[in-house]
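The structure appears right after this line, and notes come after that.
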Amino acid sequence: MNLHEYQARELLSQHGVPVPPGEVAASAEQAEAAAACIGGQVVVKAQVHSGGRGKAGGVKLAGGPAEAREAAEQILGTAIRGLPVHQVLVAPAADIRREIYVSFVLDRAEKTVSLIASAEGGVDIEEVAATSPESIVRAHADPLLGFQPWQAREVAFRLGLGGAHVRQFADIAMKLYEVFTENDASLVEVNPLAEVGSGELQALDAKVTLDDNGLFRHRHLAALRDTSQEDPSEVRAAQAGINYVKLDGEIGCMVNGAGLAMATMDMVKLYGGEPANFLDIGGGATAEQVTAALNIILSDPNVKAVLINIFGGIARCDVVAHGIVEALEHVERRVPMVVRLEGTNAEEGRRILENAHLHSAVSLSEVAELAVRLVTGDASAPKELPVSTSEA
Ligand code: GDP
Ligand code: MN
C-alpha cells in the first residue's frame, strides 16, 4: 500500500525528519485559503500515488493565493500517469540549493534493508542509475544490528557532503530507517532531500510504501488507504479476500493456491498463451468467492477464455463444482471456460460440471492447451471443442 506525499510527510515529521509545513486542499478555494495562511510563494502539488509529478505538470509554483488557486484549478480533476487527482498539497516554496536522493528499500538481492543515495537528486533514481550510476551510493543494514549511525555518516561523506550537512544527513537517514522498520515499510524515499536557503536539509518530497502483510499492526496507517489510486479490480479482489494481479494476456486464470496459480500461468505460456491475471482464490473456494473471482476476471475486457484449475486439498471438488455452476448464473459476462479439478471428490465434481455442460479435465496440460486454442482460434484445434455451453 502506498501513502500520499502529504501522509508520508506527516509520518516522517512524527519521527523527527525536518519537513516543511503544508496543507491539503480538495478544491481551488481551499488551496487559495491555504496559500493565504502560509503566506509568500507556495508550491501546489498533485497528490497521486506516482512519482514524476513535476514533469507531468503536477507541481506548480505560485506567487500568492490567487496563483495558488489557479494552479489548483489546473491540477485538480486531471489525471497524472493515469491516476486521478482529488487533492493538492500546498506548502511554502523552498529555495532549493541542492537536491539529494535518499531511500531505504527492501533489498531482496542483499537480503536486508539497504540505503540508496545520490548527490544527483531531484530526478528519478532510475534516470540517475542509467546516466550516472557512479553517483549512486549504497549501504546495507546488518539484519541483527540494524542500520548504524557510522554507516549514515560514511554515506554522507561519499555523497560529498561536508560540515553540518554530514551530521544532518546522518540524523535524517537514521530517522528514515526508523520510519522504515517501525512501520513495516518496503520503501521510504525522499527525493529531493534539499538543501534550502537557510542551509538546512529538508525532505521536500516523500514516498512511503507499506507492506500489506504488516498493515494489521498499523491500523492508523491502514486507514490512510486511498483506493481511488489503485486498480479497481484489484481493490474488488482485496475486498473479497482474493489475491489478484492483473496482467496483459487473454486467458483469465482462477486457481486455488499461489504456487498452483504460478504453475498454471507457466503452463498457459508453455502452450503459447498469455495469462490475463494471477488469481489465487484461497483455500475455501465457496460459491460466493467463485462468483466474485469470475466477475473480477471477466471485468477485464482482454479476457477471451477462462481457465479454472482447482486442487481439492482442503477444498472439496464437488463443493467447488457447485460453486462454479452457481456462479455462472450470476456472472456479468460470458466467455468459453475450461475447468480442471483434481483431488478430494474430483470425480463427483467433474460429474456436476458435465451435468451443467461444462468441460472439465484431469490434466493441467489438457486444459492449458485447450484454453490457448480457444483464444488463438488455432486451425489445428478440434472442430468441436468440448467447452462450456455458457459461451456467449
Ligand atoms: P515528483 O516529481 O513527483 O518527484 O515531485 P517532487 O515533489 O519531487 O517535485 C519535483 C521537483 O519540483 C523537485 O525536484 C524540485 O525541483 C521542484 N520543487 C518541488 N518543490 C519545490 C519547492 O518548494 N521550490 C522549488 N523551487 N522547487 C520545488
Ligand atoms: Mn520527488
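So in the numbering used here, spot 10 of the sequence shown is number 23, and the numbers just go up one at a time.
Built from N, CA and C at the ideal position, the CB exists for glycine as well.
{"Query": "Endpoints, the alpha helix (DSSP H) within which Lys58 is located", "Result": "Taken as a continuous stretch (DSSP letters only), Lys58 belongs to no alpha helix (DSSP H), being part of the beta strand (DSSP E) at 55–59."}
{"Query": "Pick from Gly326, Val303, Glu167 that is closest to Val319, judged by C-alpha positions", "Result": "Val303"}
{"Query": "Identity of the residue in Val221, Glu367, Gly254 nearest Asp331 by Cα", "Result": "Glu367"}
{"Query": "Ser376 versus Pro245, Glu360, Asp293, residue with shortest Cα-Cα distance", "Result": "Glu360"}
{"Query": "heavy atom of the ligand MN below 7 Å from Pro205 C-beta", "Result": "yes"}
{"Query": "Short Cβ contact (8 Å threshold) for Ala384 with Ile294", "Result": "no"}
{"Query": "C-beta contact flag for Ala104 and Val56 at 8 Å", "Result": "yes"}
{"Query": "Span separating the alpha-carbon of Gly356 from that of Gly326", "Result": "6 Å"}
{"Query": "Alpha-carbon to alpha-carbon, Glu23 and Ala38", "Result": "15 Å"}
{"Query": "Selection from Gly210, Glu83, Leu387, Lys124 that minimises the alpha carbon distance to Leu157", "Result": "Lys124"}
{"Query": "Given 8 Å, three or more beta-carbon pairs between the segment 77–96 and the segment 108–123", "Result": "no"}
{"Query": "Beta-carbon spacing of Ala235, Leu25 below 8 Å", "Result": "no"}
{"Query": "Beta-carbon gap between Asn204 and Asp218 smaller than 8 Å", "Result": "yes"}
{"Query": "Beta-carbon separation (whole angstroms), Ile88 vs Gly71, contact threshold 8 Å", "Result": "6 Å"}
{"Query": "Validate contact between the segment 88–99 and the segment 166–175 using beta carbons, cut 8 Å, 3 pairs", "Result": "no"}
{"Query": "Three-pair Cβ contact test at 8 Å for the segment 94–103 versus the segment 184–199", "Result": "no"}
{"Query": "Asp224: CB within 7 Å of a non-hydrogen atom of the ligand MN", "Result": "no"}
{"Query": "Beta strand (DSSP E) segment containing Phe291, residue limits", "Result": "290–293"}
{"Query": "Cβ contact check for the segment 224–241 and the segment 269–289: 3 or more pairs under 8 Å", "Result": "no"}
{"Query": "Best match in Asn256, Ala207, Leu74, Arg238 for proximity to Tyr114 [C-alpha to C-alpha]", "Result": "Ala207"}
{"Query": "Rounded distance between the beta-carbons of Val338 and Ala369, thought under 8 Å", "Result": "4 Å"}
{"Query": "Contact belief for Gly35 with Tyr19 at Cβ below 8 Å, rounded distance in angstroms", "Result": "6 Å"}
{"Query": "Complete runs of the beta strand (DSSP E) confined to the segment 146–211 [at least 3 residues]", "Result": "149–153, 198–209"}
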